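Working notes, structure below.
Numbering (the numbering used here), first residue to last: 262 to 471.
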């Protein structure tokens, strides 16, 4: 990809990479969810990303907004539990932010990511430290925003590392949102599955932008 722009082709490559990562890590995500959730996060996300690929292939969207709207709607309609609405909202908000353009620069991509994360916050009513996907997404975006002068590829690579660190940092936390919060102190010692899939999402962005 061009290092200074993010195109429709890059957005679709991101979704392809994310779908592959989810498929390859489906059992891992489900194992994490079996400890503090419904034991279906991997299965649900894999089903959702397969639907995303089908919908994108059928629609062949020409704008960034339509790419992410297609992704968001597919996830909302196929992923069960909280993950569908949360991931769906993330991509729908990104799509609304990017609109009819066919490519964007690094600043606009950052703004769209921040808009998507705000959508997750608004929908889930969670904050950093609540042991949710935000614990991976928020530090990832902070890293992305702190890379002035670097290419989108370099910024995305740093964001992926920050997301992975955020994922790992959920282990000692007590869950304050979602089904895991019902476990109280028993949620301590387990990585949050939503943060794990969010780390895969940011890793896929880095791969698509490399």
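Beta carbons are placed, not taken as given, at the ideal position from N, Cα and C, and that holds for glycine. Keep in mind it's a predicted model, so treat the numbers as computed, not measured.
Query, Result
"Under the three-state DSSP convention, the category residue 391 falls into", "coil"
"Where residue 468 falls, given that 16 or more other Cβ within 10 Å makes a residue buried", "buried"
"Chain-order list of residues whose beta-carbon lies under 6 Å from that of residue 471 (same chain, five-residue window excluded)", "414"
"Selection from 290, 279, 295 that minimises the alpha carbon distance to residue 313", "279"
"Sequence-distant residues of the same chain with beta carbon closer than 8 Å to residue 363, five excluded per side", "268, 269, 323, 324, 325"
"Any 3 or more C-beta pairs closer than 8 Å across the segment 403–420 and the segment 437–451", "no"
"Reduced DSSP category for residue 371 - H, G, I as helix; E, B as strand; rest coil", "helix"
"First through last residue of the alpha helix (DSSP H) which encompasses residue 366", "Here residue 366 belongs to no alpha helix (DSSP H); instead the beta strand (DSSP E) covers 364–366."
"Exposure of residue 466, with buried meaning 16 or more beta-carbon neighbours within 10 Å", "buried"
"Distance CB(residue 305)-CB(residue 337) smaller than 7 Å", "no"
"Contact between the segment 282–291 and the segment 431–448 (3+ Cβ pairs under 8 Å)", "no"
"Close-in-space but distant-in-sequence residues of the same chain around residue 430 (CB under 7 Å, 5 per side omitted)", "396"
"Per-residue burial, residue 425 [other beta carbons within 10 Å of its own, 16 or more giving buried]", "buried"
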